[in-house]
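Enquirer: Below is one structure. I have some questions about it.
There are 2 protein chains.
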Amino acid sequence: MVSGFQAGAAASGLKKSGEPDLGLIYSQTTAAVAGVFTTNQVQAAPVAITRERIKSGTCRAIVANSGNANCCTGQRGAADAAAMAKMAADALNIPEASVLVASTGVIGQLLDIGKIEAAMPSLISSISTDGWPDFARAIMTTDTVPKIVTRDVALGDASFSIAGVAKGAGMIRPDMATMLCFLCTDAGAAPETLQRLLKTASDQSFNRITIDGDTSTNDTVLLMANGQSGIVIEDQEAVDRFQEVLNEVLLSLAKMIVKDGEGATKFVEIEVTGADSIADARTVADTVANSSLVKTALFGEDANWGRIMAAIGRSGVPIQPAAIDIYFDRVKMVENGQGCGAGAEAGATRVIKQPEFKITIELNLGSCSALAWTCDFSIDYVKINADYRT
Amino acid sequence: MVSGFQAGAAASGLKKSGEPDLGLIYSQTTAAVAGVFTTNQVQAAPVAITRERIKSGTCRAIVANSGNANCCTGQRGAADAAAMAKMAADALNIPEASVLVASTGVIGQLLDIGKIEAAMPSLISSISTDGWPDFARAIMTTDTVPKIVTRDVALGDASFSIAGVAKGAGMIRPDMATMLCFLCTDAGAAPETLQRLLKTASDQSFNRITIDGDTSTNDTVLLMANGQSGIVIEDQEAVDRFQEVLNEVLLSLAKMIVKDGEGATKFVEIEVTGADSIADARTVADTVANSSLVKTALFGEDANWGRIMAAIGRSGVPIQPAAIDIYFDRVKMVENGQGCGAGAEAGATRVIKQPEFKITIELNLGSCSALAWTCDFSIDYVKINADYRT
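Chains as they are written, first to last, in the working numbering: chain A, 140 to 529; chain B, 140 to 529.
Here you go:
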């Protein structure tokens, strides 16, 4: 799919279901690498190791498991994460420090490293150029669908490819990279360039989504670039084009995560316009996107704009309630802070019955805007999270 | 119940159920008054009027309705709130400006003031010294039980009484007074003293509870003091004693609100100890208390301490993950940031099956602590809030 990269998966038994829970991405040559990580101060063991290892600017492989977050597991957890990388390095005959690790699943349980060791041979033998769907499935937890985005991009006379794989679907909120996402490209780039490109793209995608307002301890986004396409992302034209594609790939994956949010039945884009600053616009959008009362109303298909007004009012951003307009798609529901009546209500009710729609909040204060993507808060969200460990 | 105060209720039809939805508290003499109000920038019409009127330091009556918040209703809403007060003032033959108003219910619908006008005679004739339970019922929305606390307090050779009535049960989070609460005492006090006492007591009670993290647009706490007991809250001993009782009354009401939280099946006290500052302790306690993932785990009776660690880690307060201990009642579940094993897990699981318990988070950084009270996040919470307006 992307020249020089292979992927694969195996079932180690970490998932009680017996589904694949171990994934491997392998680069045939040394790749430049960049990463963004959770801002949570409680960080999983693999995050610490991977964060350290990408400082070299290069890597060869990523080994990831689902079913166990390897977080709050102390020195034993750190040793397990290192051992997981070493097993893959030994089997692939590459330097230990060139293997990155990532984990996702339950926090606070020791990793059964014996299971991973036992599954390593089948993991290694599974990798192939078309093993991405298997890899995507192996990193799923409460996700219901695998999430892959690929693009072939022409640039001058040549072309490069990029592939991205991500998993959600809980502990998601817009505060740095908020899930696992692995990206590979056969373009080449200096690690510093890659890092800048990745940070920008994450900020406009993974940092703008929320499912439940909780930030995970394991969030990791890694981008590997092996240069095998012959294209180097160096001059401004190439940087701009790559940024554009990367933004689009990350945004596609981010939206797939929200659509597959735990128990989600609605996918809602929230746009805040007319703010005094982008920061203000983001804060208002995030507050509305995270409000339990707004999200339960979305689930109930109730165009309860009063809860949107209440969330805006408690966001901490200075506003003028009597200046606010709110739209459900193109239906103006609120004008100057007051409801637009029965006709608007009927129109908004039609909009909210759709699986996807947009809520626009015009603050009428300034000229800055921001987007956020959220889902509804359903009975199934509660069921999934009440029963998660059992 | 409290000398010189009367209360009553009537059904005006604002509630579709036909239940009482109009309440009146009347003081036979002019009472000193203090109030604390929502910090939400979107504020209901009655909040604006009442906030303005208590600047005089005195009042005679409070008229409150449920079923409609009279919020985001513009000039018409302001006129309706004023009209509601004037109707009561005229019927009671007291100055219009001495009547305070409060509303709770759906945001964004105009008040049907004709219904209130029609019900005013029966409201006026309903008031009596033992009408408090009727009043408490009339201000309920999604509450399932009325909330009243009364105390008779000896002070020197004399005694005074205090009665408080509150309603929850959604849009509750610890950020200023977060619901409706009306308090009456036959002690006397200067308005400035009352205001200081009320602010302190609210800060330790209503500002420490959360149900869903949403701050209402209508939150109002009012304290009336008519002095009929002959006791004046003036010297330090009286101030201290009154503060003590007021704190206790407000805390009792605050806990009743959380216990009756929408869909709640668990009442959980969260104590954070060993913080560098009280502000830090409060922030950590609030973040854990508001986490959707922690609250759904409480509903699932799953002692999922990893989610507590994750919430602590995203609170924004500088912490040392490896220094943290967590207890479920007296069962130590986490030591130095790691789980205490199967025995502790079994013990914590027994604790979490109780309807009420305590989670203690020892940060081991400093000597400051804070308490918060929360409930679980249940399937019924989602059902109640998905169907609220329908």
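Ideal Cβ placement from N, Cα and C applies to all residues, glycine included.
1) Relative to chain A, which residues along the stretch 180–194 of chain B have a C-beta separation below 9 Å, given in chain order?
2) What in chain B is Cβ-close to I522 (chain A), meaning under 8 Å?
3) Could you check whether L437 (chain A) and V407 (chain A) sit closer than 9 Å to each other, using their CB atoms as the reference points?
4) Could you check what DSSP says for Q248 (chain A) in three-state terms: helix, strand or coil?
5) What does the Cβ neighbour count give for P494 (chain A), buried or exposed, with the cut at 16 atoms within 10 Å?
6) For Q477 (chain B), which residues in chain A fall below 7 Å Cβ to Cβ?
7) Can you tell me whether Q214 (chain A) is buried or exposed, with buried defined as 16 or more other CB within 10 angstroms of its CB?
8) In terms of residue numbering, what span does the alpha helix (DSSP H) encompassing I278 (chain A) cover?
9) Under 9 Å between C-beta atoms, does M318 (chain A) make it to chain B?
10) In chain C, which residues lie with their C-beta within 7 Å of the C-beta of D351 (chain B)?
11) Expressed to the nearest angstrom, what Euclidean distance is found between the alpha-carbon atoms of F381 (chain B) and A305 (chain B)?
12) State yes or no: is the beta carbon of W271 (chain B) nearer than 9 Å to at least one beta carbon in chain A?
13) Can you tell me whether DSSP reads M472 (chain B) as helix, strand or coil?
14) With Q145 (chain B) as the anchor, note down where its beta strand (DSSP E) starts and where it stops.
15) Using CA coordinates, which residue listed in A:V411, A:D415, A:V490 is at the minimum distance from N443 (chain A)?
16) Listing by chain order, which chain B residues have their CB less than 7 Å from the CB of V470 (chain A)?
17) Whole-angstrom Cβ separation of M448 (chain B) and P460 (chain B), contact assumed at under 8 Å?
18) In three-state DSSP terms, what is M140 (chain A)?
19) Quickly, what does DSSP pair Q459 (chain B) with across the bridge? List them, please.
20) Name the chain B residues that come within less than 7 Å of T435 (chain A), Cβ to Cβ?
21) Against chain A, with Cβ distances strictly below 9 Å, would P120 (chain B) count as a contact?
22) Looking at the strands, I want to know which residues DSSP matches up with K497 (chain A).
23) Assuming the contact rule is C-beta atoms closer than 8 Å, A241 (chain A) and E235 (chain A) should be a hit. Round their C-beta distance to whole Å, please.
24) What is the residue span of the alpha helix (DSSP H) that F438 (chain B) lies within?
25) Looking at the C-beta of N443 (chain B), does it have a partner C-beta in chain A at a distance below 9 Å?
26) Figure out for me which residue from B:S506, B:F144, B:G162 has the closest Cα to the Cα of P285 (chain B).
27) Determine whether the beta carbon atoms of I188 (chain A) and P330 (chain A) lie at a separation below 9 Å.
28) Taking Cβ positions, are V473 (chain A) and G486 (chain A) nearer each other than 9 Å?
29) Expressed to the nearest angstrom, what Euclidean distance is found between the alpha-carbon atoms of N207 (chain B) and L249 (chain B)?
30) In whole angstroms, what separates the C-alpha of K254 (chain A) from that of R190 (chain A)?
31) I need the straight-line Cα distance from W512 (chain B) to R347 (chain B), nearest angstrom please.
32) From the DSSP output, read off the bridge partner residues of Y165 (chain A).
33) Check each residue of the stretch 246–272 of chain A: if its Cβ is closer than 8 Å to any Cβ of chain B, include it; give the result in chain order.
34) Excluding the five sequence neighbours on either side, which residues of its own chain have a C-beta within less than 6 Å of the C-beta of G454 (chain A), listed in chain order?
35) Starting from the Cα of T268 (chain B), find the closest Cα among B:S431, B:S261, B:K522, B:F144 and give me that residue.
36) Taking only runs of the beta strand (DSSP E) that begin and end inside the stretch 320–408 of chain B, which ones reach a length of at least 3 residues, in chain order?
Expert: Put simply:
1) Q180, V181, Q182
2) Taking the first residue of the first sequence as position 1, residue 522 (chain A) is located at position 383. The sequence as given places Lys at residue 522 (chain A); Ile does not occur at that position. Result: I518.
3) Taking the first sequence and counting its residues from 1, the one referred to as residue 407 (chain A) is at position 268. Taking the first sequence and counting its residues from 1, the one referred to as residue 437 (chain A) is at position 298. Cβ atoms of V407 (chain A) and L437 (chain A): closer than 9 Å.
4) Sequence index remark: in the first sequence, residue 248 (chain A) carries index 109 (1-based). DSSP places Q248 (chain A) in coil when its eight states are reduced to three.
5) As a first step, residue 494 (chain A) must be located in the first sequence, where it is residue number 355. With fewer than 16 other Cβ atoms within 10 Å, it is exposed.
6) As a working mapping, residue 477 (chain B) is identified with position 338 in the second sequence. Within chain A, the residues near Q477 (chain B) are C211, T212, G213.
7) By one-based count along the first sequence, residue 214 (chain A) stands at place 75. Under this definition Q214 (chain A) is an exposed residue.
8) Here residue 278 (chain A) corresponds to residue number 139 of the first sequence, with the count starting at 1. It is not in any alpha helix (DSSP H) - I278 (chain A) carries neither H nor E in the DSSP assignment.
9) Position 179 of the first sequence, counting from 1, holds the residue named residue 318 (chain A). Cβ-Cβ to chain B under 9 Å: no for M318 (chain A).
10) The displayed structure is made up of protein chains A and B, and chain C is not among them.
11) For the purposes of this step, residue 381 (chain B) is taken as residue 242 along the second sequence, with counting starting at 1. For the purposes of this step, residue 305 (chain B) is taken as residue 166 along the second sequence, with counting starting at 1. Cα to Cα, the separation comes out at about 19 Å.
12) By 1-based counting over the second sequence, the position of residue 271 (chain B) is 132. Not an interface residue.
13) Here the question's residue 472 (chain B) lines up with position 333 in the second sequence. If DSSP states are grouped into helix, strand and coil, M472 (chain B) belongs with the strands.
14) For the purposes of this step, residue 145 (chain B) is taken as residue 6 along the second sequence, with counting starting at 1. Note, Q145 (chain B): beta strand (DSSP E), 144–149.
15) As a first step, residue 443 (chain A) is located in the first sequence; it is residue number 304 there, counting from the start. Selected option, being the one with the closest Cα: A:V490.
16) One-based indexing of the first sequence puts residue 470 (chain A) at position 331. Near V470 (chain A) there are no residues of chain B at all, since even the closest Cβ is about 15 Å away, more than 7 Å.
17) To locate residue 448 (chain B), count along the second sequence from 1; it is residue 309. To locate residue 460 (chain B), count along the second sequence from 1; it is residue 321. Confirmed, about 7 Å.
18) Translated into the one-based positions of the first sequence, residue 140 (chain A) becomes position 1. M140 (chain A): coil per DSSP, three-state reduction.
19) The count along the second sequence starts at 1 and reaches residue 459 (chain B) at position 320. Note: Q459 (chain B) sits in no beta bridge, so no partner.
20) Locating residue 435 (chain A) in the first sequence gives position 296, where the first residue counts as 1. By Cβ distance, chain B contributes V521, N524, A525.
21) Outside the displayed span of chain B (140 to 529) sits residue 120 (chain B), for which this structure offers no information.
22) The residue you call residue 497 (chain A) lines up with position 358 of the first sequence. Answer is A:E408.
23) The residue given as residue 241 (chain A) occupies position 102 in the first sequence. The residue given as residue 235 (chain A) occupies position 96 in the first sequence. Not confirmed; about 16 Å, so no contact.
24) Against the second sequence, residue 438 (chain B) aligns to sequence position 299. Per DSSP, F438 (chain B) belongs to the alpha helix (DSSP H) from 431–438.
25) As a position in the second sequence, residue 443 (chain B) is number 304, starting the count at 1. By this cut-off, N443 (chain B) is an interface position.
26) Translated into the one-based positions of the second sequence, residue 285 (chain B) becomes position 146. The residue with the shortest Cα to Cα distance from P285 (chain B) is B:G162.
27) The count along the first sequence starts at 1 and reaches residue 188 (chain A) at position 49. The count along the first sequence starts at 1 and reaches residue 330 (chain A) at position 191. No.
28) For this step, residue 473 (chain A) is matched to residue 334 along the first sequence. For this step, residue 486 (chain A) is matched to residue 347 along the first sequence. Not in contact: V473 (chain A) and G486 (chain A) (Cβ atoms no closer than 9 Å).
29) Position 68 of the second sequence, counted from the start, is the residue given in the question as residue 207 (chain B). Position 110 of the second sequence, counted from the start, is the residue given in the question as residue 249 (chain B). Each residue's Cα considered, the two are about 8 Å apart.
30) In the first sequence, residue 254 (chain A) corresponds to position 115, counting from 1. In the first sequence, residue 190 (chain A) corresponds to position 51, counting from 1. Each residue's alpha carbon lies about 25 Å from the other.
31) Translated into positions along the second sequence, residue 512 (chain B) becomes position 373. Translated into positions along the second sequence, residue 347 (chain B) becomes position 208. So the two alpha carbons sit approximately 6 Å from each other.
32) Walking along the first sequence from the start, residue 165 (chain A) turns up at place 26. According to DSSP, Y165 (chain A) bridges with A:Q145, A:A200.
33) I246, G247, Q248
34) Residue numbering aside, residue 454 (chain A) sits at position 315 when the first sequence is read from its first letter. Per the sequence shown, residue 454 (chain A) should be read as Ser rather than Gly. Correct list, in chain order: T422, V423, T426.
35) Counting from 1 along the second sequence, the entry for residue 268 (chain B) is found at position 129. It is B:F144.
36) 359–364
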